[in-house]
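Numbers in our numbering are just positions in the sequence shown, counted from 1, shifted up by 63.
Where a beta carbon is used, it is the ideal one built from N, C-alpha and C, also for glycine.
The structure displayed is predicted, hence computed values, not measured ones.
Please read the structure below before turning to the comments.
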Amino acid sequence: MKKNDFEDIRPYHDEEVPAAIQRISENVHFLEVVNYLFPNIDSKDFIKEFKGIKTKEAFQTHIMHKVIRTIIDKTMSNFTFNGFEPLNNDISYMFISNHRDIVLDSALLEVALYESGIKTSEITFGSNLMSSQFIIDIGKVNKMFKISRGGTLREIFANSIKVSNYMRYAITEKNESVWIAQRNGRTKDGNDITDMAVLKMFSMSSEADFVPNLMELNITPMVISYEYEPCDFFKTREMYISVNQNYVKQADEDFVSILHGIRQWKGGVNLHICETITEDELVYCDSFPKKEKFKQLALLIDKRIHKNYKLWKTNYIANDLLHNHSKHADKYTTADKDKFVDYMEQNLKIIEGDREKLKKIFLEIYGKAVDNCC
């Protein structure tokens, strides 16, 4: 495919940035956002700096880095990241990540890349989130590209081919890394599992054999771990309803989840870049029958993510409560447990439904990570 085949999904080109910046600054919600994020600075000075942004890189490094660092300071006790030492600015990567928060998973990666001296990545952006020109402009200036959600089977297939072609083009020709979630949508049950359909999509953009096809993409798993899961009670409610009926989202539900995930207290957060999938590992996957190759690759990615997931006290407490044992009691104090149980009980009160079933769903969100890692 030619680069002009991606006009409807690509991020903005730098020459399009000034006009987008102007539109963003004129939006009725812009000043409200600025005042929330930076209550102690002169908003006029910030707006002046904002309107001077001319490129995507400048937006990410001068605006988004400042925004996400402010969110870190407001909603996290600490943010740590590791595994970045092997990354090389001469190589572009396909970062395939577990997905716990709509915005922060990729936004925190960009902060960590920038502070590690590594070029920032492009980011997948679901069409369901593009609810207004304001959101579209912010996303596309922030190096986001669109993945279409929904449609007929033929439309889904065509969109998958286009996204696959764009990601390979970004990595191999634009020299841009890419962030993508390991599955369609956030993990809501605490079980970080790679969807084989995502990996098959990667391969659609090349007619090469399995190993050279995927080696070209430098597939690199990433894992993010939150002490307090963003939107944990939203996820509990959705999982509870989904047991008995098809869950239908409200029109503004994704936007509400974005705001809640940003504002909610998250405690400690850790982001880890795992080792890039090697040629030998792809050769191993290729040794299996055709239908098994992507399954084996998914298992390799899952193993990396589970091994490098940082377990917090909340995970150990939830796992002990979930399984009705005290195997991990040395990882937390009685006061820690009481605090977490009170947090759970107080917030579950606002969700209609069977208390014990809701509690089990909530505990799985935190506790499954321990089962996977151990």
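Bridge-paired residues (DSSP) for Phe289: Translated into the one-based positions of the sequence shown, residue 289 becomes position 226. Before going further, note that residue 289 is Tyr rather than Phe in the sequence given. Paired residues: Val332.
When the Cα atoms are used, what is the spatial distance from Ser305 to Glu112? Position 242 of the sequence shown, counting from 1, holds the residue named residue 305. Position 49 of the sequence shown, counting from 1, holds the residue named residue 112. C-alpha separation (whole angstroms): 46 angstroms.
Whole runs of the beta strand (DSSP E) within the region 349-425, excluding any shorter than 3 residues: Taking only runs of at least 3 residues, no beta strand (DSSP E) segment lies wholly in the region 349-425.
Rounded separation between Ser268 and Ser227 - CA only: Working through the sequence shown from its first residue, we reach residue 268 at position 205. Working through the sequence shown from its first residue, we reach residue 227 at position 164. Looking at the two C-alpha atoms, the distance is approximately 5 angstroms.
Please list the terminal residues of the continuous alpha helix (DSSP H) segment that includes Glu301. Translated into positions along the sequence shown, residue 301 becomes position 238. Segment 295-307, the alpha helix (DSSP H) holding Glu301.
Is DSSP giving Ser169 helix, strand or coil here? Looking up residue 169 in the sequence shown gives position 106. It is helical.
Do Lys119 and Pro74 come within 8 angstroms of each other at the CB atom, strictly closer than that value? The residue labelled residue 74 in the question sits at position 11 within the sequence shown. The residue labelled residue 119 in the question sits at position 56 within the sequence shown. Lys119 sits close to Pro74, with the two beta carbons spaced by under 8 angstroms.
Using a Cβ-Cβ cut-off of 6 angstroms (strictly less than) and excluding sequence neighbours within five positions of Asp405, which residues of its own chain qualify? Against the sequence shown, residue 405 aligns to sequence position 342. Excluding residues up to 5 positions away in sequence, nothing lies with its Cβ nearer than 6 angstroms to the Cβ of Asp405 in the same chain.
Phe142 beta carbon less than 8 angstroms from that of Val319: Taking the sequence shown and counting its residues from 1, one reaches residue 319 at position 256. Taking the sequence shown and counting its residues from 1, one reaches residue 142 at position 79. No, they are not a contact pair.
Which first and last residues belong to the beta strand (DSSP E) in which Glu112 is found? Stepping through the sequence shown from its first residue, residue 112 is reached at position 49. Looking at the DSSP string, Glu112 is not in any beta strand (DSSP E); the run it does join, the alpha helix (DSSP H), is 106-114.
Kindly identify the DSSP beta-bridge partner or partners of Val346. Reading the sequence shown from its first residue, position 283 is the one you call residue 346. Answer is none; Val346 lacks a bridge partner.
Grab me the residues of Asp399's own chain with a C-beta within less than 6 angstroms of its C-beta, minus the 5 sequence neighbours each way, in chain order. The residue you call residue 399 lines up with position 336 of the sequence shown. If we look at Asp399 and ignore the five residues flanking it on each side, its Cβ neighbours are Lys376.
Determine the extent of the alpha helix (DSSP H) in which Val319 is found, giving its start and end residues. Translated into positions along the sequence shown, residue 319 becomes position 256. DSSP places Val319 in the uninterrupted alpha helix (DSSP H) bounded by 316-326.
Do Ile87 and Ile256 count as a contact pair if the criterion is CB distance below 8 angstroms? Stepping through the sequence shown from its first residue, residue 256 is reached at position 193. Stepping through the sequence shown from its first residue, residue 87 is reached at position 24. Cβ distance not < 8 angstroms, so Ile256 and Ile87 don't count as in contact.
Just mark Arg439 as buried or exposed, buried being the case when its beta carbon has 16 or more other beta carbons within 10 Å. This structure gives no information on residue 439, because the portion of the chain shown stretches from 64 to 437.
Reducing DSSP to helix, strand and coil, say where Pro74 ends up. Here residue 74 refers to the residue found at position 11 of the sequence shown. Pro74 falls in the coil class under three-state DSSP.
Evaluate the contact criterion for the region 182-191 versus the region 206-226: three or more CB pairs, one atom per stretch, below 8 angstroms. yes
Give every residue of the same chain whose Cβ lies closer than 7 angstroms to the Cβ of Asn161, excluding the five residues on either side of it in the sequence, and list them in chain order. The sequence position of residue 161 within the sequence shown is 98, counting from 1. Here the set comprises Gln245, Thr250, Asp255, Val286, Ile287, Ile368.
Gly189, enclosing beta strand (DSSP E) - first and last residue: Position 126 of the sequence shown, counted from the start, is the residue given in the question as residue 189. It spans 185-189 - the beta strand (DSSP E) in which Gly189 sits, taken as one unbroken run.
Tell me whether Ser227 sits in a helix, a strand or coil according to DSSP, three-state version. Within the sequence shown, numbered from 1, the residue matching residue 227 stands at position 164. The answer is helix: DSSP assigns Ser227 an H, G or I state.
Once the 5 residues before and after Ala233 are set aside, which same chain residues still bring their CB inside 6 angstroms of it? Position 170 of the sequence shown holds residue 233. Once the five neighbours on either side are set aside, the close Cβ partners of Ala233 are Glu185, Glu239, Val241.
Taking Leu171 as the reference, which of Lys420, Cys348, Gln409, Leu334 has the closest Cα? The residue given as residue 171 occupies position 108 in the sequence shown. Checked all of Lys420, Cys348, Gln409, Leu334; the closest Cα to Leu171 is Leu334.
Presumed contact (8 angstroms Cβ cut-off) between Phe357 and Leu262, rounded CB distance: Walking along the sequence shown from the start, residue 357 turns up at place 294. Walking along the sequence shown from the start, residue 262 turns up at place 199. Their Cβ separation, rounded to whole angstroms, is 5 angstroms, which keeps Phe357 and Leu262 in contact under 8 angstroms.
Alpha carbons only, please: which of Val346, Lys129, Lys370, Tyr310 is nearest the one belonging to Cys437? Working through the sequence shown from its first residue, we reach residue 437 at position 374. Comparing alpha-carbon positions, the option among Val346, Lys129, Lys370, Tyr310 lying closest to Cys437 turns out to be Lys370.
Strictly by DSSP, which residues pair up with Met207? Translated into the one-based positions of the sequence shown, residue 207 becomes position 144. DSSP, once it has assigned bridges, lists Ile186 as partnering Met207.
In whole angstroms, what is the alpha-carbon distance linking Glu89 and Arg326? Residue 89 sits at position 26 when you count from the first residue of the sequence shown. Residue 326 sits at position 263 when you count from the first residue of the sequence shown. Going by the C-alpha atoms only, they are around 24 angstroms apart.
With a CB to CB cut of under 7 angstroms and the five nearest residues on each side skipped, what residues in its chain are close to Ile135? As a working mapping, residue 135 is identified with position 72 in the sequence shown. Contacts found: Phe142.
Pro284 versus Thr339 - alpha carbon distance: Counting from one through the sequence shown, the residue named residue 284 turns up at place 221. Counting from one through the sequence shown, the residue named residue 339 turns up at place 276. Near 7 angstroms, if we compare the C-alpha coordinates of Thr339 and Pro284.
Tell me which residues share the same chain as Ser389 and place their Cβ nearer than 7 angstroms to its Cβ, disregarding the 5 neighbours each side in the sequence. Working through the sequence shown from its first residue, we reach residue 389 at position 326. The answer, listed in chain order, is Asp383.
Terminal residues of the continuous alpha helix (DSSP H) containing Asn98? Position 35 of the sequence shown holds residue 98. Under the DSSP assignment, Asn98 falls in the alpha helix (DSSP H) whose first and last residues are 93-100.
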